[in-house]
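Residues 1 to 526 (full-length UniProt numbering) make up the sequence shown, in order.
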Amino acid sequence: MNQDITVPPPSNSVHKPKLRPTLNSYFNKPTLFKAFFFCFLPFLISFFLIAYLNQSGKNSEMVLLAGFCNGSDIANVDSSESKSVPFQETRTGHACSTMGEPCISCTTFNILAPIYKRLDQQNQSVRESDFRAFWLARNKKIVNWLLYERSSIICLQEFWVGNEELVHMYEESLGAAGYDTFKLARTNNRGDGLLTAIHKEYFKVLNRRELFFNDFGDRVAQLLHVQSVAPFSINQNESVQQEIIIVNTHLLFPHDSSLSIVRLHQVYQILQYLETYQRENKLSQMPVILCGDWNGSKRGHVYKFLRSQGFVSSYDIAHEYTDSDADAHKWVSHRNHRGNICGVDFIWLRNPHNSQKLLKISWAEAAFGIIKYQLKKVSLAENDAFAFLRADSSGNHITYSAFCDALRQNYVQVNLTGLSHGLSFQETKDLWVQADADGNGVVDYEEFKRIWDATWLQHMDEDCSLEDLNEGIAEDEAIGFAVKKAVLFPHEVEKGIWPENYSLSDHARLTAVFSPVRLRCSKQSL
C-alpha cells in the first residue's frame, strides 16, 4: 500500500539519502505537475496525432465522396437533421481510390432561400429571413454537408444573394476549402439567385457567361466552360485535359398551365446559347452538364425537350430507370408549398455526338406538345382539335390566321400568344413553318395528324458506343462521361417518400459521379 513519505530536512549529524516522491504525493497537493498532466499533455498528444493523420492523408490516394465508389452512402449520415454533420477532411477529384479510375463529382441543391421558407402555415407572411438564428443555423448545416462531400462541382439554387452575411459565409467557407465561387442574382431584385462552385484543384475555369432570360419569372442561368487541371489518362502513353461546359439554372415554377411555355422557352434559350457559344469560340464537341431545379417532372414537356436534344438524366441512368410512366414516380426530390411531392431536380448529361434533332425542330415539337396537352385537357380529341384549329376556314384545312387565333383562345386554355410571357410573333411563325410541311400555305388533316401523333423519343438511340480507356483517341472518337453513381439525400426520397423529419430544405440534394470514357461515334446528320 502506497503511503506518502515525509523527507526530513538535512541534518549535520546524520546524512540520509533522499527518497523520490510518489505520484500520489503530487496528486494530493496543487502543483504545476497536475496542471501539466491534465491540461497540457492531452493537448500535445492531440496535436501530434492530428499532424500525423494529416500527413498520412496527403500521401494517400485522392478519394471521391468518402465511400462513394466503394458502394457506401454519401457521408453515411442519418437523414434526421437533428445533428450537425461534422466536417471531415475527405478529398474528392479525379480518382476513386477503391476503383483506380478517374472520376468527377457534381452536386445540385436548391437550398431554399430564407425569404421563401415559411415558418407558420397559418400566417404565410412569417418567413425564416426574419429570424437570423434560424437561417444561420440551417445554412451552416448546408455548408457542412457541402464541405463533407467535397464535390468537384457544386450548383446551388435559391441562394440568398441579398444577404451579405450569408453570402460571405458561403464564399469564405467554400473558398477556404479550395473552391472558386460565382454567384448570380435574379433580375428585378428578387433577392435570391444561383451559386456555382468549382474546385480549383481539379478544374480551371476558362470562361463564364451569365444568361438573363428577362421574362415573366426573372430567371437566370450560369454557363461555365472548365478544363480539368490534371489530365485524364487514356493509356500509358496518352492523356487529355478534358473540357466541359456546366450550366446552373432554376426554371419558373408552373403556377398554372399557361406558364408551361415560359419554362420551355427558358430551356430553349439555354440550348440556343450553348450552340452559339460553341460556334463562336470554335469549340469541338465536349460533354455538357446541366444542373438545377427544373420545376418539372419526367412527364413534363421540358424533360421530353431535353431528351430530344440528346441529354440523359444522370440519376435515372444510374438506377436504370426508363422514360416510361411506370418509372416516372420512382423517386422524388421536392415537396412544394402546396404539399405535393415530385422529382424536379436533375443533373443532365450530354456526351459529344449524342443523337439529337435540330434544335428548331425539337422546339417546334415541344411547343406543339403543349398545344396538344392543353386541347386534350378540355377533352378535345384528334378530330375535334382539328376542327377547333380550322375554325371557320372554308376548306378542310387550317389557315395561318386561324392557327394564330386558336393560340390566343382563352376559353379552351390554349392561351399561348398575346401574353407578355407567351409565344412571340416569330416563334408562332416558326411553328407554322414546321406544321406546313409542303409549304402550300395551309395545314391539311394529314399534316395535322403528323403533328398530333408525333412521338418524342424514337430517335433517342445513341450513335456512340462506350469503349474502355485502353487505346488512343481515333479521329472519329471523343471523350465523354459515363454515369458511375447518383444518390439523392435524404435517402427516403429515392423510394418516393418525403421524410417529415427533414428540414434542411424543401428539396433533396442530388450528387452524381462520372468517369471519362472513350466514345466511338458514327456521325449522322439529323
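Cβ atoms here follow ideal geometry from the backbone N, Cα and C, with glycine treated the same way.
Would you kindly report the start and end of the unbroken beta strand (DSSP E) that includes residue i?
{"i": "His199", "result": "Gly193 to His199"}
{"i": "Asp293", "result": "Val288 to Asp293"}
{"i": "Ser505", "result": "Segment: none, Ser505 is in no beta strand (DSSP E) and carries neither H nor E."}
{"i": "Ile451", "result": "No beta strand (DSSP E) holds Ile451; the alpha helix (DSSP H) holding it covers Tyr445 to Trp452."}
{"i": "Phe182", "result": "Tyr179 to Ala185"}
{"i": "Thr399", "result": "His397 to Thr399"}
Output yes or no for whether 9 Å exceeds the beta carbon distance between residue i and residue j.
{"i": "Asn248", "j": "Thr196", "result": "yes"}
{"i": "Thr511", "j": "Val487", "result": "yes"}
{"i": "Lys282", "j": "Gly343", "result": "no"}
{"i": "Gln242", "j": "Gln222", "result": "no"}
{"i": "Ala367", "j": "Ile398", "result": "no"}
{"i": "Pro352", "j": "Leu194", "result": "no"}
{"i": "Arg127", "j": "Arg118", "result": "yes"}
{"i": "Phe514", "j": "Cys103", "result": "yes"}
{"i": "Leu146", "j": "Ser173", "result": "yes"}
{"i": "Asn110", "j": "Asp293", "result": "yes"}
{"i": "Leu290", "j": "Ile370", "result": "no"}
{"i": "Ser333", "j": "Asp316", "result": "no"}
{"i": "Ala385", "j": "Lys377", "result": "no"}
Can you check DSSP and say which residues form a bridge with residue i?
{"i": "Pro516", "result": "Phe481"}
{"i": "Glu243", "result": "Gln227"}
{"i": "Gln157", "result": "Asn110 and Leu194"}
{"i": "Asn248", "result": "Gln222 and Cys291"}
{"i": "Val442", "result": "Thr399"}
{"i": "Cys404", "result": "Cys404 pairs with nothing; no bridge assigned."}
{"i": "Leu488", "result": "Leu510"}
{"i": "Arg118", "result": "Arg127"}
{"i": "Val312", "result": "Leu349"}
{"i": "Lys204", "result": "Gln227"}
Tell me, to the nearest whole angstrom, how far the beta carbon of residue i is from that of residue j; I am working on the premise that it is less than 8 Å.
{"i": "Tyr202", "j": "Ala230", "result": "7 Å"}
{"i": "Lys200", "j": "Tyr179", "result": "7 Å"}
{"i": "Val302", "j": "Leu251", "result": "7 Å"}
{"i": "Ile246", "j": "Ile153", "result": "6 Å"}
{"i": "Arg186", "j": "Val220", "result": "6 Å"}
Helix, strand or coil, according to DSSP, for residue i in the structure here?
{"i": "Arg350", "result": "strand"}
{"i": "Arg209", "result": "strand"}
{"i": "Leu423", "result": "strand"}
{"i": "Thr92", "result": "Low local confidence applies: a pLDDT of 46 at Thr92 is under 50, so the model's placement there is unreliable, with the coordinate-based value given in what follows. The answer is coil: DSSP assigns Thr92 none of H, G, I, E or B."}
{"i": "Arg150", "result": "coil"}
{"i": "Ala381", "result": "coil"}
{"i": "Leu306", "result": "helix"}
{"i": "Arg335", "result": "strand"}
{"i": "Ile341", "result": "strand"}
{"i": "residue 566", "result": "The displayed coordinates of the chain run from 1 to 526. Any statement about residue 566 would go beyond what the structure contains."}
{"i": "Ile370", "result": "helix"}
{"i": "Phe232", "result": "strand"}
{"i": "Ile497", "result": "coil"}
{"i": "Ser105", "result": "strand"}
{"i": "His329", "result": "coil"}
{"i": "Ala137", "result": "helix"}
{"i": "Ser362", "result": "helix"}
{"i": "Ala437", "result": "coil"}
{"i": "Arg132", "result": "helix"}
{"i": "Lys357", "result": "coil"}
So residue i is in the alpha helix (DSSP H); what residue range does that whole segment cover?
{"i": "Thr322", "result": "First-last for Thr322: undefined, no H or E at that position."}
{"i": "Leu264", "result": "Ser260 to Glu280"}
{"i": "Gly175", "result": "Glu164 to Ala176"}
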